[in-house]
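Structure first, commentary second.
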Amino acid sequence: KNEVEQSPQNLTAQEGEFITINCSYSVGISALHWLQQHPGGGIVSLFMLSSGKKKHGRLIATINIQEKHSSLHITASHPRDSAVYICAVGAIQGAQKLVFGQGTRLTINP
Amino acid sequence: KAGVTQTPRYLIKTRGQQVTLSCSPISGHRSVSWYQQTPGQGLQFLFEYFSETQRNKGNFPGRFSGRQFSNSRSEMNVSTLELGDSALYLCASSRLAGEGTQYFGPGTRLLVL
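Those protein sequence lines, which keep their order, are chains X and P.
This note's numbering puts the first residue of the first sequence at 111, with every later residue one more than the last.
This note's numbering puts the first residue of the second sequence at 206, with every later residue one more than the last.
Shown next, in the form of structure tokens:
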């Protein structure tokens with residue numbers, strides 16, 4: 111079993127829909143990261159969180175440390191949100207040694 | 206402020222050769238981490254460097270090595286290339302060691318024939 115599991119693996123939705131991507135992990139963590147990867151490979155860090163909730167524009171990330179679960183929400187989705195979203199956990203305090211989920215491929219149709 | 210840069214962007218090598226990839230972090234960032242991305246294994250951690258010292262290493266064979274220079278630029282080297290080393294190699298920088306948001310470079314796409 112992978113240490114970091116994401117669901118769903120693929121998600122197709124219509125423009126404007128509310129999107130939720132889930133991430134579960136089995137190890138103790140120092141921080142959890144949500145990353146976005148567009149075709150071509152470039153990765154952008156969306157959020158780093160160790161507790162609670164963070165919001166940036168239409169994106170919201172939450173984490174429940176007790177349940178070892180995090181969610182990434184996208185409100186009013188747009189075709190430009192189409193990308194692979196990757197959850198990664200830092201399992202060692204004071205280290206950037208990230209363990210990655212397999213990614214969720216999101217496609218937003220106009 | 207310029208982002209993380211990686212050179213070269215694309216590379217084709219043959220089995221048995223060696224390759225050196227370069228990463229220049231964002232100015233002021235002293236931590237550099239390297240990752241390998243393949244379709245089968247996804248993203249995997251290779252190494253983390255801070256102040257010219259390797260702080261952590263992932264589960265890769267000794268053919269994979271790296272170093273960091275005093276200006277925080279980093280290189281990784283893969284010797285005796287195998288077909289399975291074909292991948293996108295990404296580096297990321299952060300201001301401090303072991304914490305904080307990582308900023309990723311565009312990656313070097315390596316094809317081993």
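C-beta: ideal position from N, C-alpha, C; glycine also.
Bear in mind that the values here come from a model prediction, so they are computed numbers and not experimental data.
Look at L226 (chain P) here: in three-state DSSP terms it is strand.
A straight-line Cα-Cα distance of about 13 Å links I175 (chain X) and A201 (chain X).
When C-beta distances to chain X are compared with 8 Å, the residues of the region 242 to 270 of chain P below that value are Q242, G247, L248, Q249, F250, E253, R260, N261 and G263, in chain order. Apart from the 5 residues on each side of it in sequence, S160 (chain X) sits with its Cβ closer than 6 Å to the Cβ of A141 in its chain, given in chain order. DSSP, read as helix, strand or coil, puts L288 (chain P) in helix.
Between the C-alpha atoms of M281 (chain P) and V224 (chain P) there is a straight-line separation of about 8 Å. Annotation: Cβ neighbours of L295 (chain P) in chain X (cutoff 7 Å, chain order): I153. Along the region 163 to 217 of chain X, the beta strand (DSSP E) occurs as fully enclosed runs of 3 or more residues at 169 to 174, 179 to 184, 193 to 200 and 208 to 210, listed in sequence order.
In the structure shown, the three-state DSSP call for T313 (chain P) is strand. The residues A123, E125, S187, H188, P189, D191 and S192, in chain order, have a CB closer than 7 Å to that of I218 (chain X) in the same chain once the five nearest residues on each side in sequence are set aside. In summary, the residues of the region 169 to 202 of chain X whose CB is separated from some CB of chain P by less than 9 Å are I196, A198, G200 and I202, in the order they occur in the chain. For the options P:G312, P:L286, P:L315 and P:S298, the alpha carbon positioned closest to that of G221 (chain P) is the one of P:L286. Between P311 (chain P) and Q249 (chain P) a beta carbon distance of about 18 Å is seen, past the 8 Å cut, so the two are scored as non-contacting.
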